[in-house]
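The next block holds one structure in the form of structure tokens; read it before the comments.
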Amino acid sequence: MLQVLWLIPVLPLAGFLLLAVAGKRLDARVVSALGTGSVGLSTIASLLVGAAFISTPPAGFLYTQRLWTWFVVGNFAPAFGLSVDGLSLVMILVVGIVGFLILLYSIGFMAGDEGFSRFFAYMNLFVGSMLILLLADNLLFLYLGWEGVGLCSYLLIGFWYREADARKAAIKAFVVTRVGDAAFAVGLFMLAHTFGTLQIQEVAQKAAGTWAVGSLSAQAAAALLLGGAVGKSAQLPLQTWLPDAMAGPTPVSALIHAATMVTAGVYLIARMNALFLLAPQVRFIVALVGAVTLLVAGASALAQKDIKRVLAYSTMSQIGYMFLALGVGAWSAAIFHFMTHACFKALLFLSAGVVIQALDNEHDIFMMGGLRRVLPLAFWTFLIGAASLSALPIVTAGFYSKDMILLRVWASPEGGIWLWTAGLVGAFLTSLYAFRVVFVAFFGPVKRQVKSRPGLPMKIPLIVLSVFSIGAGFIELPRTLGHVTLFSDLVEKALPAARETIASLLTEGALQGIVSLASLIAVLAVGLYYLGPAASARRARSRAASAVERFWYSGWGFDWLYRNVFVKPFVNAARLDEADVIDLPYRGIARIMEWGRIALVLTQSGKVRWYVMGATIGAAIFLLVAVFA
Amino acid sequence: MPYEHAMMLAGILFFLGLAGVLIRRDAIFVLLSLEIMLNAAGFALVVAGAQWHAADGQAMFLFILAVAAAEVSIGLALVLWLFHWHRSVDIDRASSMRG
Amino acid sequence: MTFAFYLAGAIAIASTSLAITRLNAVHALLHLVVSFLSVALILLLLGAPFAAAFEVIIYAGAIMVLFAFVVMMLGPAQKAASEERRWLALRAWLGPALLAAVLVAELIYVVHAAPGKATQVAGITPHQIAVFLLGPYILGVELVSLVLLLGLVGAFHLAYQLGKRERSLRRGVQP
């Protein structure tokens, strides 16, 4: 059964090709079936591979399938090779299942759009590229998938290309992630040059053998790879593109900018853990980046009015948690949080999409109100998602993953109390902003009428994801609550296990209690603020914003900073060459040719006698030369 | 028999015809001058054949004659077309292939 | 013998010059007929009776007659046009005339430079020509007959189309 591994990325890519070529001519139902079915079949293949992998694991818990050699240059011969282990298995299952559900949702959400088939084509290309990224067994092939998802992100953010905002956001996303991709590429060059190969397993072994822990080369390589991860995962300092990327359709935000593409950075660091283990300073930077981002993004989310922007900053913040976990050596915790986050963030985006569409494209939460009575399904699913995001204790999946991260942060020697405190504050902020949206948009008086209701293709994924958002956490329970380690067992075949754990159960319980309490207090506070006395004034749309609020609203001023430091000088420098001086010689050549033409045209008078005259003169000269010379 | 002089005569006739082509603007005259040129060329061929006492010269003269006849018939038809389009026989009018 | 040659030659040159400088096309045609006849005489003197006969029959007899038909057809329009052009031609005369003179000079020089052979004139009979044509030159003969056919068909087609056009124009219908 493991042989069907190659079908997993190939099926969505085949779907893409079919839809790209013939999509416009096909009926909408065929397009829906094709677009969703290809990913669905791919997911079934993933499940089969997973079942085979778990029941009869291959040697070393790693299965490789080499498709063909890409190119051969000297000793360097990368191939199109796929490999699956515990880590990639988890990720392809998440991508497949969540992707399938989101595509199912899109059948309803994108119905009637003029680019219906184009949407499904791009989404299929995206899923195919993401699967290549996850299954690649060498870094060059991974980079191919990396660039592929970047391309699809651009195409899908700018899907409604007639809107100026969408176009600008797409370019912004591409350019900012390009900075990270450039760092990634330089890192690849370095690795290829030093080791002569980009096979992940080989690089891991050779690096461990060649470079000492903490050596400069290891730091450099790890830092460059981190640069790429930071760009793709929208962490500081390359995070500015993610909020603007919400200009794309909601399913795109759900799939690419919440569940999958933005976690590619997390995957990269986890996959190259051998390299990062050789560079402890870089690991510290990873944790620091994660901690700072989760705080900055959490504060920014608190000041947003657009429901999707809240969720975008929330994504940024949660990935910060994942980076924090990776930085302190809690590899499996990061992947666990990725899994639960994919479920509840996709759920949040999809139910937000239901709300947006029902209110005729209204994004401002202060223009919404009382939706729990008119859109009950959206309310309950959004509530479940928000609860899981806030890691409300016991009943939500988010609780278990966030809890695991924070426990490991406390226990790890690279962690410590300050990083743990940052995580705690972050959890508090998370509950604040998540339930702010719940109380403002779903409670209180109704402010806008509902124009349309979701159909079945949109309802089913919501329900399924709600179940996952509650239940997905139960496969990994902490020691205080039953000590189930199904998830870690699978993933820790591929990732190094967390080294230290907290000695006493009491400390563990106390820490869990503090975090849970923080989340619950935040919910209570927000509830009082927006539902208690003087609430209507606070829910009014046109409140004056304080300076702090405006600062947080603008994402801590990063856009302003980058615009003035990078964009304006570059544009001014480009303006110097507005007349395109470089092109002058080429245009000059063309002009000279034009003059030559004008001159020569005079010889073509169209008159027969003129031409005969020309022939005669030529004959005379020729004969003169022949006879007398 | 002064064969060289006969050749020179052929040459003179040929260049007279050429001059006619270059000078005259009336299409009929141009065709006429072309006939003079063709005749002179054929004449030169016969002279050469006679000089070497071979029948080839006259055979070639016959071919040239036949070609000239065909050319004249088509050429005159074209002159009629020219007259139809421009209402004059000035061949300089037929210069729309300029530029 | 040679005197006849020089006399005929002089007449040929004179009549050709006259032919290309006449205003009236019919006058030019007549002069040209004289020129062809004198050339035919020279051909006879050269011992090529076959060629001489053809010159008279085809060149002077057929081609010139064809010209005469067309000139008659175009008639007045041609006459009016040629008069005005005459004044322009005077100025343009010099260049072409000079050119032709240069070429003639070259030819004379070339021919004179090579040593010639003045041999006895022995005529070539039509019989010999016929044997030649139907022997080594058979391919040429076939091709020439094809050319004549093409000329015939082409001229017919052009004239027919022209006729159609002119008839519809006269009726007032767009061709």
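Protein chains in written order, with the numbering used here: chain A, 617 to 1245; chain B, 425 to 523; chain C, 803 to 977. Built from N, CA and C at the ideal position, the CB exists for glycine as well. Just so we're clear, the structure is a prediction, and the values are computed from it rather than from any experiment.
By the neighbour-count criterion, in which 16 or more other beta carbons inside 10 Å mark a residue as buried, residue 875 (chain C) falls on the exposed side.
Non-local beta-carbon contacts of residue 1175 (chain A) in its own chain, meaning distances under 8 angstroms to residues more than five positions away in sequence, involve 856 in chain order. Here residue 1212 (chain A) carries a helix assignment [DSSP, helix/strand/coil]. In this model, residue 694 (chain A) and residue 724 (chain A) are separated by some 42 angstroms (Cα to Cα). Neighbours of residue 949 (chain C) across chain A, judged by C-beta separation under 9 angstroms, do not exist; the nearest C-beta is about 22 angstroms away.
Bridge partners of residue 783 (chain A) according to DSSP: none are assigned.
Per the DSSP secondary-structure output, residue 1100 (chain A) pairs in a beta bridge with A:1093. For the pair residue 767 (chain A) and residue 707 (chain A), the CB atoms are not nearer than the 7 angstroms cut-off. Per DSSP, residue 688 (chain A) lies in no alpha helix (DSSP H) and is assigned neither H nor E. Taking 7 angstroms as the Cβ-Cβ cut-off, the region 438-463 of chain B approaches chain A at 442, 445, 446, given in chain order. With its beta carbon at least 7 angstroms from every one in chain C, residue 510 (chain B) lies outside the interface. Under the DSSP assignment, residue 698 (chain A) falls in the beta strand (DSSP E) whose first and last residues are 695-700.
Straight across, the Cα-Cα distance linking residue 875 (chain A) with residue 802 (chain A) is about 27 angstroms.
DSSP places residue 866 (chain A) within a helical segment (H, G or I) once states are collapsed to three. Neighbours of residue 521 (chain B) in chain A, taken as residues whose beta carbon is under 8 angstroms from its own, are 1220, 1222 in chain order. Contact between residue 987 (chain A) and residue 1058 (chain A) holds: CB atoms are separated by about 5 angstroms, below the 8 angstroms threshold.
In this structure, the straight-line span from the alpha carbon of residue 1050 (chain A) to that of residue 1009 (chain A) is close to 15 angstroms. At a beta-carbon threshold of 9 angstroms, none of the residues of chain A lie near residue 436 (chain B); the nearest stands roughly 15 angstroms away. Contact check for residue 467 (chain B) against residue 906 (chain C) fails: the beta carbons are separated by 7 angstroms or more.
Exposed is the label assigned to residue 970 (chain C), since fewer than 16 other Cβ atoms lie within 10 Å of its Cβ. Rounded to whole angstroms, residue 822 (chain C) and residue 862 (chain C) show a C-alpha spacing of 16 angstroms. Per DSSP, the unbroken alpha helix (DSSP H) holding residue 967 (chain C) starts and ends at 940-973. Per DSSP, the continuous alpha helix (DSSP H) segment holding residue 762 (chain A) begins and ends at 755-773.
Within the region 1025-1070 of chain A, the complete alpha helix (DSSP H) segments of 4 residues or longer fall at 1033-1058, listed in chain order. Taking 7 angstroms as the cut-off, the Cβ atoms of residue 907 (chain A) and residue 858 (chain A) do not count as close. Straight-line spacing of the CA atoms in residue 635 (chain A) and residue 1101 (chain A) works out to 42 angstroms. Measuring C-alpha to C-alpha distances from residue 818 (chain A) to each of A:1078, A:755, A:1021, A:951 identifies A:755 as the nearest. Between residue 960 (chain C) and chain B, the shortest Cβ-Cβ separation is below 7 angstroms. When Cβ-Cβ separations below 7 angstroms define contact, residue 516 (chain B) makes contact with chain A. Rounded to whole angstroms, the gap between the alpha carbons of residue 1126 (chain A) and residue 997 (chain A) is 30 angstroms.
Residue burial is scored here from C-beta neighbours: residue 1092 (chain A) has at least 16 other C-beta atoms within 10 angstroms and is therefore classed as buried.
DSSP lists no beta-bridge partner residue for residue 855 (chain A). In terms of Cβ geometry, residue 494 (chain B) and residue 873 (chain C) do not form a close pair [threshold 7 angstroms].
When the five nearest sequence neighbours on each side are left out, the beta carbons in the same chain lying within less than 7 angstroms of the beta carbon of residue 1011 (chain A) are those of 1086, in order along the chain. Counting along the chain, residue 886 (chain A) sits inside the alpha helix (DSSP H) bounded by residues 880-887.
Secondary structure at residue 672 (chain A): coil, using DSSP grouped into helix, strand and coil.
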